[in-house]
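>
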Amino acid sequence: MKNKYSIFSLIKNAFSYHENWQRAWRDPEPKKEYDAVIIGGGGHGLATAFYLAKKHNMTNIAVVEKGWIGGGNTGRNTTIIRSNYLWDASAGLYDHALKIWESLSQELNYNVMFSQRGVMNLAHNLQDVRDLKRRTHANRLNGIDAVWLNTEEVKKFCPIINTSPNIRYPVLGGTLQRRAGTARHDAVAWGYARGADAMGVDIIQNCEVKGIKRSGNCVEGIETTKGFIKTKKIGVVAAGHSSVIANMVDLKLPLESKPLQALVSEPVKPIIDTVVMSNAVHAYVSQSDKGELVIGAGTDAYISYTQRGSHDVVEGTLKAILELYPIFSRMKMLRQWGGIVDICPDASPIISKTHIKGLYFNCGWGTGGFKATPGSGDLFAHTIANDEPHKLNADFNINRFVSGDLVDEHGAAAVAH
Amino acid sequence: MFLINCPYCGERDQSEFSAGGEAHIIRPKQPTEMSDDQWAEYLFMRKNIKGIQFERWNHSHGCRKWFNMVRDTSNDKIHAVYKMGEKPPV
């Protein structure tokens, strides 16, 4: 890498008042033809390009992004990373990602601020207790660290939680994955972009895909706002807009796109040093390194591409937060936003070939795609390069909706989607 | 979040309603003769349109009746509301 980041480069640049840092990636015009084009410059798309170049020697490739990189859901999520999923297929997929997270900053030479501060999932009723205990056992059988905490242990682990039995959402216990945590979402996009760019990948921003050209059953290229780009392989990683791309080739996907909201508070001193998720009431809290509380809410129950979300959803989440954490009652919220998430009927993603040769989809991550970013990119790159899925994403093909072999993580995952 | 003009109750807050997804998907007349592909198409595959979409809604916290709606999913603007069984507007 041309400009390797290190303590020495930091000191060297300090002497020139940090005015001589080189740009982290180029801003090229698209070439006429590439070996592969990735549609969507979010974390998953950039990671796909990075691993295509690094592991499969495909460096004559491009990532096209209609806005700016990391400006979609990569920059809009609550940055929670965990792998405590119920089913074997999901456990394999998400733990693959978690293992890459553990050395990602070194791999990218870019600090993604991965912090294994633990993720705790609360149980509020008897069914929650049964489900979460079952999941704990399933996790351990799959080699994923998970422990069950009773109410006193929850209180000890996170003292600001109100564990009174008389509240509307009493805490009956919880699960804890200590290897889980958070990362800086923007740094993930920037780190992958810089890494991919250094290997020759063209990252083309402000370039919207308008159509996909086919000849027979093969793809020939994409029509964009910057002209036609010829390619034989197209990887679509467009998150909430996956169906928009699919509709260009009359391909129907089992997706519905809905706004998912999050909000951050004013910054305060360190008060919560872990991530607490409450599945039943859709309230997730962690604290960023800047001191803001990062709060995740639920999705709106209708299809929308508005990147807003409804007030009543936020209100429901904050009601639950205030009851569980009375200490936050006078906190002010700074910002609120929505991202468009593409949800599969079984709440599991699709990383798959399609019946059109050379067209691949990586979508359906729903409300929980950020945690999978490195694993998703790695497996999708494998699928595109070899025209065959890796064994870890073989179960996440589109045909499972025909065969009925669904990976049903609705409610079975640590979070109710 | 928006207001919906229920054809039975008039204008109410969206939070009183439940979305029922894409409208005018025809229930199979001969379910026993359908292939797995056709079942997948009927059960799971959706257009998920960004733009003008025909969809079903239920006034679940009101009259509990189903009806159809034409809504632009890119800005949540409602263009038409019509009862079940009525012809969709052009």
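Note that the protein sequences, when read in sequence, are chains F and Y. Mapping to our numbering: the first sequence position 42 is 42, numbers consecutive. Mapping to our numbering: the second sequence position 82 is 1082, numbers consecutive. For every residue, glycine included, the Cβ atom is placed at its ideal position computed from N, Cα and C. Quantities reported herein were computed from a predicted structural model and do not represent experimental measurements.
Run through the segment 30–90 of chain F for me and flag every whole beta strand (DSSP E) of 3 or more residues, listed as ranges in chain order.
36–39 and 61–64
> Out of F:VAL209, F:ARG179, F:LEU172 and F:ALA320, state which residue places its alpha-carbon closest to the alpha-carbon of F:VAL63.
Here the question's residue 63 of chain F lines up with position 63 in the first sequence. Out of F:VAL209, F:ARG179, F:LEU172 and F:ALA320, F:VAL209 has the C-alpha closest to the C-alpha of F:VAL63.
> In this structure, does DSSP put F:HIS382 in helix, strand or coil?
Indexing the first sequence from 1 puts residue 382 of chain F at position 382. Helix.
> Out of Y:PRO1028, Y:LYS1065 and Y:GLN1014, which has the shortest C-alpha to C-alpha gap to F:ILE303?
Your numbering for residue 303 of chain F matches position 303 in the first sequence. Closest by alpha carbon: Y:GLN1014.
> Looking at the C-beta of Y:ARG1046, does it have a partner C-beta in chain F at a distance below 8 Å?
Reading the second sequence from its first residue, position 46 is the one you call residue 1046 of chain Y. At least one chain F Cβ lies under 8 Å of Y:ARG1046.
> I need the boundaries of the alpha helix (DSSP H) containing F:ILE245, first residue and last residue.
In the first sequence, counting from the first residue as 1, residue 245 of chain F sits at position 245. Element bounds for F:ILE245: 242–248.
> Report yes if the CB atom of F:SER294 is closer than 8 Å to the CB atom of F:VAL264, and no otherwise.
One-based indexing of the first sequence puts residue 294 of chain F at position 294. One-based indexing of the first sequence puts residue 264 of chain F at position 264. Position check: residue 294 of chain F holds Val in this sequence, whereas Ser was assumed. It is a contact, given that the beta carbons lie within the stated cut-off.
> Buried or exposed for F:GLN177, please, with buried defined as at least 16 other CB atoms from any protein chain shown within 10 angstroms of its CB.
The residue you call residue 177 of chain F lines up with position 177 of the first sequence. Answer is buried; the Cβ neighbour count reaches 16.
> How many angstroms separate the CA atom of Y:PHE1054 from the CA atom of Y:GLU1022?
Here residue 1054 of chain Y refers to the residue found at position 54 of the second sequence. Here residue 1022 of chain Y refers to the residue found at position 22 of the second sequence. Taking the straight line joining both Cα atoms gives about 6 Å.
> So, is Y:VAL1090 buried or exposed, given that buried needs 16 or more other C-beta atoms within 10 angstroms?
Here residue 1090 of chain Y refers to the residue found at position 90 when the second sequence is read from its first residue. Exposed, since its Cβ has fewer than 16 Cβ neighbours within 10 Å.
> How about F:SER164: is its C-beta nearer than 8 Å to some C-beta of chain Y?
One-based indexing of the first sequence puts residue 164 of chain F at position 164. Residue contact check for F:SER164 against chain Y: no CB pair falls below 8 Å.
> What are the boundary residues of the alpha helix (DSSP H) that includes Y:TRP1039?
The residue you call residue 1039 of chain Y lines up with position 39 of the second sequence. It spans 1036–1043 - the alpha helix (DSSP H) in which Y:TRP1039 sits, taken as one unbroken run.
> Strictly below 7 Å CB to CB, what residues from chain Y border F:PRO28?
What you label residue 28 of chain F is simply residue 28 of the first sequence in a count that begins at 1. The premise fails here: F:PRO28 is roughly 28 Å from chain Y at the closest Cβ pair, so nothing lies under 7 Å.
> Hey, would you say the C-beta of F:ILE38 is under 7 Å away from at least one heavy atom of the ligand FMN?
No copy of the ligand FMN occurs in the structure displayed, which carries no ligand at all.
> Relative to the C-alpha of F:ASP95, which candidate in F:ASN393, F:ASN397, F:ILE343 and F:ASP128 has its C-alpha closest?
Locating residue 95 of chain F in the first sequence gives position 95, where the first residue counts as 1. When only C-alpha atoms are compared, the closest one is F:ASN393.
> Taking only three categories from DSSP, how would you classify Y:HIS1079?
One-based indexing of the second sequence puts residue 1079 of chain Y at position 79. Correct three-state label for Y:HIS1079: strand.
> Whose Cβ in chain F lies nearer than 8 Å to the Cβ of Y:LYS1050?
Residue mapping note: residue 1050 of chain Y aligns to position 50 of the second sequence, counting from 1. Going along chain F in sequence order, the residues near Y:LYS1050 (Cβ under 8 Å) are HIS241, SER243, VAL244, SER257 and TYR305.
> Excluding the five sequence neighbours on either side, which residues of its own chain have a C-beta within less than 7 Å of the C-beta of F:HIS417, listed in chain order?
Working through the first sequence from its first residue, we reach residue 417 of chain F at position 417. Only weak support exists for where F:HIS417 lies, its pLDDT of 47 falling under 50; the value from the coordinates is given anyway. The answer, listed in chain order, is ILE343, ALA347, GLY366, THR367 and HIS410.
> In whole angstroms, what separates the C-alpha of F:VAL112 from that of F:ASP186?
Position 112 of the first sequence, counted from the start, is the residue given in the question as residue 112 of chain F. Position 186 of the first sequence, counted from the start, is the residue given in the question as residue 186 of chain F. If I take the Cα positions, the gap works out to 8 Å.
> Can the beta-carbon of F:VAL236 be found less than 8 Å from the beta-carbon of F:TYR51?
Mapped onto the first sequence, residue 236 of chain F falls at position 236. Mapped onto the first sequence, residue 51 of chain F falls at position 51. With respect to F:TYR51, F:VAL236 sits apart: the two C-beta atoms are not nearer than 8 Å.
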